[in-house]
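This report concerns only the one structure given below.
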Amino acid sequence: MKENARPADSDGGARERALRFVNFLTAAVTPFHAVAIGSQMLERAGFVALDESAQWAGAITPGGKYFYTRSDSTLVAFAVGSKYAAGGPFKVVGAHTDSPALKAKPLTKSSAAEGLTQLAVCTYGGGLWHTWFDRDLGIGGLVLVRSADGALEKRLVAIHAPVLRVPSLCIHLQTAAERESFAPNKETHLIPVLCAAPAPPSAGAGAGAGASEDAPDPFSAAQEPELLALLAEQLRVPAASIASHDLTLFDAQPPALAGARGEFVSGGRLDNLASTFVALEALIDACADGRLDDERGVRCVALFDHEEVGSASATGAGGPVMEEAISRVGEALGVLPKGELALRSLRASFLISLDNAHAVHPNYRSKHEAGHRPLMGKGCVIKTNANLRYATDSVTSFVVRELGRLAGCPTQEFVVRNDCACGSTIGPIISERLGVRCADVGMPQLSMHSCREMMGAQDLTHCHALLTAFFRRFGDIDARLGACKRPRAEP
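And the structure:
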């Protein structure tokens, strides 16, 4: 990655972290890639891969570092304190690996129109779909390859070349109303162009050929041949061997450091790969040699898929991933599921739900509540909502502010205006399911859910410091909270 702007921050650590994140973002074009790269980061740091289908008893020991994946798009990593005591707390940072995007439909062939070959796509999540027009787009994801002997292999693919584009309608062909209010139809107006349509076969070509043993199966026959050719070339396999796929379109323009002083990060998927990246680095750094020596609990990062579509899946925060992780790790360390020690462990645990926040927009300042106006580059945002769209309460918000104080990094506060709708996160979902204390936190950004978003580069380091303090200092804060007497009603 070429450095195209000079980061404003003079701290070499912050500069290098921002550049590492840009490289991570460039490669992590889908949740599958994010999990694969995250797994490599963990393995290089000494984390041991576990198999969910294997027995964990005897494989997990105090002082050990581990991770596992589910369906290749969700990742759980954890480290057990060297002084782990049964019933000890889980200190969890939760984030998600998915982002709103255009995805290829299972059957990708789209009717050729006006001399152009297009790709059948569907919308995933709540994207700002107008931002996908007139952008050069690549495509990537997971491909299932079948060999001649019937063996199957899962392969990752990422075509960074600008092979797709959704062209907008020129202004001269729009009505006055259309020019004033751009409202594309997601089914008919978002179909990307892949290439020029091939010439039709000559008359009689293939006539009388009949069925052939080599004829493609119905799935392959319904795929766009030009797409299969691209995938086959990238994977170096025959096109006929592609048995299935899960493909996502992405901005072909690489992420970059931006701004006159390089103080911003510009790119797709900042929501929520910024959180994914920082959470992984913070866990790795907090569990380096010797840093688990005095730990009595478990430090954990859980990265879920499907947050942008409600989390209700086997790999989402609404599924059993988090509950099973805590239960299986505890059981492997001698804590019976649902038993006294397991319940005590949950009550002592804490979750930071890490998902990017809304920075105040300089051109739409009235959209933010007057007293809660987060700025990019000024630290993590504590998100609160009286109607529980976020899981933060007065005590958990104090914990985050205190962590910031101990780490020497700033924090900010956000509540949505009373006349605006409020988004949500995995925080309330996991908190409700497990009864665990939770704070919703995020790095502030602009253009959330756009094809290309922006955030402050310095906030990556602010967030890293906060999470590292959480893993290493939360016990001190919780002990002080535990010493508080129960409030009494005044006479």
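First residue of the sequence shown? That's 6 in the numbering used here, and the numbers climb one at a time after it. From the three backbone atoms N, C-alpha and C, an ideal C-beta is built for every residue, glycine too.
Subject >> Counted within 10 angstroms of its Cβ, other Cβ atoms place residue 440 as buried (16 or more) or exposed >> reply: exposed
Original post:
Where does the unbroken beta strand (DSSP E) through residue 127 begin, and where does it stop?
Top reply: Counting along the chain, the beta strand (DSSP E) containing residue 127 begins and ends at 121 to 129.
**OP:** Determine the direct distance from the alpha carbon of residue 111 to that of residue 55, and round the result to whole angstroms.
**Re:** One Cα belongs to residue 55, the other to residue 111, and the distance between them is close to 31 angstroms.
Original post:
What residue from 129, 34 and 344 has the CA that sits closest to residue 163's CA?
Top reply: 34
Subject >> Spatially closest choice to residue 274 from 230, 452 and 47, by CA coordinates >> reply: 452
Original post:
Helix or strand or just coil, what does DSSP make of residue 191?
Top reply: Coil, per DSSP.
Original post:
Is there contact between the segment 72 to 84 and the segment 353 to 361, where contact requires at least three CB pairs shorter than 8 angstroms?
Top reply: no
Original post:
Leaving out the 5 sequence neighbours to the left and right, which residues in its chain are closer than 8 angstroms to residue 366 when beta-carbon positions are compared?
Top reply: 372, 373 and 451, listed in sequence order.
Original post:
Apart from the five residues on each side of it in sequence, which residues of its chain come closer than 8 angstroms, Cβ to Cβ, to residue 157?
Top reply: 149, 150, 151 and 248
Original post:
CA-CA distance, residue 399 and residue 49?
Top reply: Our two residues, residue 399 and residue 49, have alpha carbons roughly 39 angstroms apart in a direct line.
**OP:** Could you tell me which residues DSSP pairs with residue 253 in its beta bridges?
**Re:** 108 and 145
**OP:** Measure the Cβ-Cβ separation of residue 129 and residue 313 and say whether it is below 8 angstroms.
**Re:** The Cβ atoms of residue 129 and residue 313 lie closer than 8 angstroms to each other.
**OP:** Just the C-alpha distance for residue 477 and residue 146, rounded to the nearest angstrom, thanks.
**Re:** 36 angstroms
Subject >> Beta-carbon separation (whole angstroms), residue 254 vs residue 169, contact threshold 8 angstroms >> reply: The pair is a contact, with the Cβ atoms about 6 angstroms apart (cut-off 8 angstroms).
**OP:** Report yes if the CB atom of residue 337 is closer than 8 angstroms to the CB atom of residue 64, and no otherwise.
**Re:** When the beta-carbon positions are compared, residue 337 and residue 64 come within less than 8 angstroms of each other.
Original post:
In the DSSP assignment, what residue or residues form a beta bridge with residue 79?
Top reply: 75
Original post:
To the nearest angstrom, how far is it from the Cα of residue 289 to the Cα of residue 172?
Top reply: 43 angstroms
**OP:** Spell out a yes or no on whether the segment 123 to 137 and the segment 98 to 113 are touching, meaning 3 or more CB-CB pairs, one atom from each, closer than 8 angstroms.
**Re:** Yes, since at least three Cβ pairs between the segment 123 to 137 and the segment 98 to 113 fall closer than 8 angstroms, the two stretches touch.
**OP:** Kindly give me the distance between the Cβ atoms of residue 396 and residue 428, rounded to whole angstroms, as I take these residues to be in contact under 8 angstroms.
**Re:** That pair is no contact at about 13 angstroms.
Subject >> C-alpha distance - residue 295 paired with residue 86, whole-angstrom precision >> reply: 10 angstroms
**OP:** Would you mind stating whether residue 38 and residue 161 have Cβ atoms separated by less than 8 angstroms?
**Re:** yes
Subject >> Close beta carbons around residue 94, own chain, < 6 angstroms, minus the five adjacent residues each side >> reply: 302, 353 and 354
Subject >> 6 angstroms Cβ shell around residue 455 - same chain, five flanking residues per side excluded >> reply: 133 and 136
Original post:
Less than 8 angstroms separating the beta-carbons of residue 155 and residue 309?
Top reply: no
Original post:
DSSP three-state call for residue 405: helix, strand or coil?
Top reply: Helix.
**OP:** Compute the beta-carbon to beta-carbon distance between residue 472 and residue 287, rounded to the nearest angstrom, for a pair I have assumed lies under 8 angstroms.
**Re:** 4 angstroms
Subject >> Inter-residue Cα distance where the pair is residue 89 and residue 402 >> reply: 27 angstroms
Original post:
Going by other Cβ atoms of all chains shown within 10 Å of its Cβ, with 16 needed for buried, is residue 387 buried or exposed?
Top reply: buried
Original post:
Starting from residue 169 and walking both ways along the beta strand (DSSP E), at which residues does that stretch end?
Top reply: Unbroken beta strand (DSSP E) run through residue 169: 157 to 170.
Original post:
In this structure, does DSSP put residue 416 in helix, strand or coil?
Top reply: In the three-state scheme derived from DSSP, where H, G and I count as helix and E and B as strand, residue 416 is classed as strand.
Original post:
Which same chain residues, not among the five before or five after residue 44, have their C-beta less than 8 angstroms away from its C-beta?
Top reply: When the five nearest sequence neighbours on each side are left out, the beta carbons in the same chain lying within less than 8 angstroms of the beta carbon of residue 44 are those of 54, 72, 74 and 80, in order along the chain.
Original post:
In whole angstroms, what is the alpha-carbon distance linking residue 492 and residue 377?
Top reply: 29 angstroms
Original post:
Which value, in whole angstroms, describes the spacing of the CA atoms of residue 298 and residue 68?
Top reply: 7 angstroms
Original post:
Where do the N-terminal and C-terminal ends of the beta strand (DSSP E) with residue 458 fall, by residue?
Top reply: 458 to 461
**OP:** Would you grab the beta carbon distance between residue 83 and residue 443 for me? Rounded to a whole angstrom, and I think it's under 8 angstroms.
**Re:** About 18 angstroms; that fails the 8 angstroms criterion.
Original post:
Would you call the CB atoms of residue 380 and residue 362 closer than 8 angstroms?
Top reply: no
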